[in-house]
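Enquirer:
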Amino acid sequence: MNRSHQWLMAAGASVLVLTNVVVLAGVALNRRQPPESVLALTEREFGPQWSWMWRDDENSGLGLRLLYRVETAQDSGSPSYDPFGPVAWLDEKRLAALGFRDTDYSRDLGRDVLLVMELDGPAHARVLRAAPDQETRQREEQKASRLFIVDAGLDQNTLRQRYPDRTRYAIVHGNIRPYQMRNRKVYGSVTAVRCETINVPLQFRGEIKKTFDIKVAFGSRLEPWILSAGAL
Amino acid sequence: MAEPLTRAEAQARAEEIRAFALELTRLEAARVVTLSDEQHRHIDEYHRSALGAFSQRFDIDRDVRSKQLSLGMRIASLLGAIALAASVYFLFHQFWGRLDTVTQVATLIGASGLSYCATLWVRRQDDNGYFTKLAALVAFACFVLNIQMMGEIFNITPSDQALLPWAAYAFLLAYLCDLRLLLAAGLLCITAFIAARAGEFRGLYWLDFGERPENFFPAAIVMFVLPLWFNQIRYTGFAQTYRLMGLLTVFLPMLVLANWGNGSYLPFQAQNIENSYQVLGFLTTAAAIALGIRKHWPDVVNTSVTFFIVFLYTKFYDWWWEVMPKYLFFLVLGLTALLTLFILRRLRSEVHV
Numbered sequence: 001m002n003r004s005h006q007w008l009m010a011a012g013a014s015v016l017v018l019t020n021v022v023v024l025a026g027v028a029l030n031r032r033q034p035p036e037s038v039l040a041l042t043e044r045e046f047g048p049q050w051s052w053m054w055r056d057d058e059n060s061g062l063g064l065r066l067l068y069r070v071e072t073a074q075d076s077g078s079p080s081y082d083p084f085g086p087v088a089w090l091d092e093k094r095l096a097a098l099g100f101r102d103t104d105y106s107r108d109l110g111r112d113v114l115l116v117m118e119l120d121g122p123a124h125a126r127v128l129r130a131a132p133d134q135e136t137r138q139r140e141e142q143k144a145s146r147l148f149i150v151d152a153g154l155d156q157n158t159l160r161q162r163y164p165d166r167t168r169y170a171i172v173h174g175n176i177r178p179y180q181m182r183n184r185k186v187y188g189s190v191t192a193v194r195c196e197t198i199n200v201p202l203q204f205r206g207e208i209k210k211t212f213d214i215k216v217a218f219g220s221r222l223e224p225w226i227l228s229a230g231a232l
Numbered sequence: 233m234a235e236p237l238t239r240a241e242a243q244a245r246a247e248e249i250r251a252f253a254l255e256l257t258r259l260e261a262a263r264v265v266t267l268s269d270e271q272h273r274h275i276d277e278y279h280r281s282a283l284g285a286f287s288q289r290f291d292i293d294r295d296v297r298s299k300q301l302s303l304g305m306r307i308a309s310l311l312g313a314i315a316l317a318a319s320v321y322f323l324f325h326q327f328w329g330r331l332d333t334v335t336q337v338a339t340l341i342g343a344s345g346l347s348y349c350a351t352l353w354v355r356r357q358d359d360n361g362y363f364t365k366l367a368a369l370v371a372f373a374c375f376v377l378n379i380q381m382m383g384e385i386f387n388i389t390p391s392d393q394a395l396l397p398w399a400a401y402a403f404l405l406a407y408l409c410d411l412r413l414l415l416a417a418g419l420l421c422i423t424a425f426i427a428a429r430a431g432e433f434r435g436l437y438w439l440d441f442g443e444r445p446e447n448f449f450p451a452a453i454v455m456f457v458l459p460l461w462f463n464q465i466r467y468t469g470f471a472q473t474y475r476l477m478g479l480l481t482v483f484l485p486m487l488v489l490a491n492w493g494n495g496s497y498l499p500f501q502a503q504n505i506e507n508s509y510q511v512l513g514f515l516t517t518a519a520a521i522a523l524g525i526r527k528h529w530p531d532v533v534n535t536s537v538t539f540f541i542v543f544l545y546t547k548f549y550d551w552w553w554e555v556m557p558k559y560l561f562f563l564v565l566g567l568t569a570l571l572t573l574f575i576l577r578r579l580r581s582e583v584h585v
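First to last, the sequence lines map onto chains E and G.
Sequential numbering of the first sequence, starting at 1, is according to the numbering used here.
Sequential numbering of the second sequence, starting at 233, is according to the numbering used here.
1) Can you confirm whether Trp551 (chain G), when its beta carbon is compared against all beta carbons of chain E, has any partner nearer than 8 Å?
2) Looking only at its own chain, which residues have a Cβ that is under 6 Å from the Cβ of Thr351 (chain G), when we skip the five neighbours before and after it?
3) What are the residues in the region 305 to 331 of chain G lying within 8 Å of chain E by C-beta distance?
4) For a cutoff of 8 Å on Cβ pairs, would you count Met9 (chain E) as touching chain G?
5) Give, in chain order, every residue of the region 214 to 226 of chain E whose Cβ lies closer than 8 Å to some Cβ of chain G.
6) Assign Thr423 (chain G) to one of three DSSP states: helix, strand, or coil.
7) Considering Gln380 (chain G), what are the terminal residues of the alpha helix (DSSP H) in which it resides?
8) Can the beta-carbon of Leu408 (chain G) be found closer than 8 Å to that of Leu8 (chain E)?
9) Where do the N-terminal and C-terminal ends of the beta strand (DSSP E) with Pro224 (chain E) fall, by residue?
10) From the beta carbon of Val585 (chain G), is the nearest beta carbon of chain E less than 8 Å away?
11) Between the region 378 to 387 of chain G and the region 190 to 204 of chain E, can you find at least three pairs of beta-carbon atoms closer than 8 Å?
12) Please name the residue, chosen from G:Pro499, G:Gly342 and G:Gln501, that lies closest to Ala13 (chain E) on a Cα-to-Cα basis.
13) Please list, in chain order, all residues of the same chain as Cys421 (chain G) whose beta carbon is under 7 Å from its beta carbon, the five residues on each side excluded.
14) Using three-state DSSP, classify Pro86 (chain E) as helix, strand or coil.
15) Please compile the residues from chain G whose C-beta is within a distance smaller than 7 Å of the C-beta of Gly47 (chain E).
16) As an exercise, report each continuous alpha helix (DSSP H) stretch of at least 4 residues that is fully enclosed by the region 130 to 188 of chain E, in chain order.
17) Spatial neighbours of Gln156 (chain E) within its chain, please: C-beta separation below 7 Å, excluding the five flanking residues on both sides.
18) Within the chosen definition, does the region 40 to 49 of chain E reach the region 199 to 217 of chain E through at least 3 CB pairs nearer than 8 Å?
19) Whose Cβ in chain E lies nearer than 7 Å to the Cβ of Gly345 (chain G)?
20) Is the region 441 to 454 of chain G touching the region 120 to 134 of chain E, taking contact as three or more C-beta pairs under 8 Å?
21) Between Asn175 (chain E) and the rest of its own chain, which residues show a CB-CB distance below 6 Å, the 5 nearest in sequence each way excluded?
22) Going straight from the alpha carbon of Leu90 (chain E) to that of Leu128 (chain E), what length do you get?
23) What residues in its chain sit with their C-beta under 6 Å from that of Gly478 (chain G), if we drop five residues either side in the sequence?
24) How big is the Cα-Cα spacing for Leu515 (chain G) and Val564 (chain G)?
25) At the level of alpha carbons, what is the spacing between Leu24 (chain E) and Ser344 (chain G)?
26) Between which two residues does the beta strand (DSSP E) carrying Phe500 (chain G) extend?
27) Would a C-beta distance cut-off of 8 Å place Leu154 (chain E) and Leu98 (chain E) closer than the cut-off?
28) Where do the ends of the alpha helix (DSSP H) carrying Ser14 (chain E) lie?
29) I believe Tyr362 (chain G) touches Ser309 (chain G) by the beta-carbon criterion, under 8 Å. Please report the beta-carbon distance rounded to the nearest angstrom.
30) Report yes if the CB atom of Gly469 (chain G) is closer than 8 Å to the CB atom of Leu487 (chain G), and no otherwise.
31) In the DSSP assignment, what are the bridge partners of Ile214 (chain E)?
32) Keeping to the same chain, check which residues put their C-beta closer than 6 Å to that of Trp552 (chain G); ignore five residues upstream and five downstream.
33) Should the region 235 to 246 of chain G be called in touch with the region 60 to 68 of chain E, which here means at least 3 C-beta pairs below 8 Å?
34) Hey, is Asp358 (chain G)'s beta-carbon within less than 8 Å of any beta-carbon in chain E?
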């Protein structure tokens, strides 16, 4: 075996080892105490993960997908609180502050930003007050997700100063894209929340029943993990 | 005369020996030349010795039947490798949810390590490379699964940085085992990484890099010129793979932009962008054809001719599909192909002169 082959073999082994070390080190860094935020969620704030490529029992993993909502712009024509709808507070001025150019929104692909998720806060209280009938109010009180995206920014420290309650507000990575409505008004939409699907480790799977509560921590890299879970 | 360095060179040499033997028989039958029995014996001994050495070192095909069987073995090896890699992927997903986190991580890392060691062992035992290809592809699939599943287990934010170790591992396996397929996989990974970074530089989220085809151009240039800087002569078909991937990475995005101006970074009207890329497509393919002929790169010529015709047909469709009867439209396409044939035949005879 010549020297170049020996070098290649050693390099291949190094790539395997180093990559796994870096990944695990990143996980340890994210999970160092204390967490950036901890939210106490219930089954209301979760839905099943997307599984378009798997038949039943082909994927034994369990992931819970965060169900968040936004307060949509009233003149947009979109369903109220649609997570992908135009966001009422993401108007042109806010989009400009996030770095979107105002020349041609139709060709803007969006930007990676930091999003603020609010649990059972003023946004949900407004939704309850605005409920048009008893049935809707009951659904909002008992079944609908209490998780709302309420702000966006580029600097984590600035956002955390604005929303200091770490048990009610979590900061996550996400993507915003601008859209121009038919009435020429421009709003932003949340097109993605990174890590919206949270893996459920084996020790908690028995607790994930029809109703459950679950504590999710978000670490220094804003990546989530489950701290505890209990069936209700 | 220098000894062949690669299997392809040895195979070409064996073909020359076979052709020489056939032609000598014809010349002797036509009484153009007559060799003595001793001369025949010396030539036969020399050729037998050379073919034996090539067979032992490179496992070449000594006759037509061997060649046909080798092609079958290559196809079987490729399909088997892809199927085994897919099996590993689906096997892990079938059972991983029943394992605790520590066992999951250990299984992933163990599978990567074991498959790598198995590849090295198979490579030492395998003379002709078919089983090595299988093992190397499975090893690559295990490593991709390793990183991707760690990301799912620990909810890691998806990042383009994962493409770098995948590319590095694919390149290392490709050069260790002389596998063009893994070289192509490595080039795909590094292309995606460069394109994602180019997009991020403009403020895009990295996974959106495909929505701006111009992100691929820097990677295309790097791939095309790399074999000019680093000699690939010891590796069969590697230089062609680099050039082919480079051409595909520039022509396909150009074709997309020639029909979808809104996908461009350029701050102009979509129609103007489309027209510009159509013209650029014609010029680039023509330049590549000329370069390929000059440098004796048939892979470059064939790929560029294909895309030149695709650009042309796309333009014909824009101009005439709605206004011409369909029989006439396809007649025009057929006549254009004939014209291309005549031009290429003319170019070929000029090259021979």
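Backbone N, C-alpha and C fix where the C-beta goes; we use that ideal spot for every residue, glycine too.
Please read these numbers as outputs of a predicted model, since none were measured by experiment.
Expert: In brief:
1) Trp551 (chain G) does not count as touching chain E.
2) Contacts found: Ala367, Ala368 and Ala371.
3) Residues passing the 8 Å Cβ filter: Phe322, His325, Gln326, Phe327, Trp328, Gly329, Arg330 and Leu331.
4) Yes, contact with chain G.
5) Under the 8 Å Cβ criterion, the region 214 to 226 of chain E contributes Arg221, Leu222, Glu223, Pro224 and Trp225.
6) Thr423 (chain G) falls in the helix class under three-state DSSP.
7) Here the alpha helix (DSSP H) through Gln380 (chain G) covers Tyr362 to Ile385.
8) The answer is yes: Cβ separation under 8 Å.
9) Counted as a single uninterrupted DSSP element, the beta strand (DSSP E) harbouring Pro224 (chain E) occupies residues Pro224 to Ala231.
10) With a pLDDT of only 49 at Val585 (chain G), under 50, the local geometry of the prediction cannot be trusted, and the value read off the model is given with reservation. No, its Cβ sits nowhere closer than 8 Å to a Cβ of chain E.
11) Verdict: yes, contact present.
12) It is G:Gly342 whose Cα lies nearest to the Cα of Ala13 (chain E).
13) Excluding sequence positions up to five before and after Cys421 (chain G), its CB lies within less than 7 Å of the CB of Leu395, Trp398, Ala399 and Ala402, all in the same chain and listed in chain order.
14) Look at Pro86 (chain E) here: in three-state DSSP terms it is strand.
15) Listed along chain G is no residue with a C-beta nearer than 7 Å to that of Gly47 (chain E); the closest approach is about 16 Å.
16) Runs found: 134 to 142 and 156 to 162.
17) Excluding sequence positions up to five before and after Gln156 (chain E), its CB lies within less than 7 Å of the CB of Leu114 and Ile171, all in the same chain and listed in chain order.
18) By the Cβ test, the region 40 to 49 of chain E is in contact with the region 199 to 217 of chain E, since at least three Cβ pairs between them sit closer than 8 Å.
19) Within 7 Å Cβ-Cβ: Leu16.
20) Result no; under three Cβ-Cβ pairs closer than 8 Å.
21) The answer, listed in chain order, is Gly110, Asp112, Thr191 and Ala192.
22) Distance between the alpha carbons of Leu90 (chain E) and Leu128 (chain E): 22 Å.
23) Correct list, in chain order: Ala452, Met455 and Phe456.
24) Cα atoms of Leu515 (chain G) and Val564 (chain G): separation of roughly 22 Å, rounded to the nearest angstrom.
25) Using only the alpha carbons, I get a separation of about 15 Å.
26) Per DSSP, Phe500 (chain G) belongs to no beta strand (DSSP E) and is neither H nor E.
27) By the CB criterion at 8 Å, Leu154 (chain E) and Leu98 (chain E) fall inside the cutoff.
28) Note, Ser14 (chain E): alpha helix (DSSP H), Arg3 to Asn30.
29) Right, the Cβ-Cβ distance comes to about 4 Å (below 8 Å), so this counts as a contact.
30) Contact annotation: Gly469 (chain G) and Leu487 (chain G) have beta-carbon atoms that are not nearer than 8 Å.
31) Residue pairing by DSSP puts Ile214 (chain E) in a beta bridge opposite E:Leu41 and E:Ala229.
32) Phe561.
33) Too few Cβ pairs lie closer than 8 Å, so no.
34) Closer than 8 Å: no.
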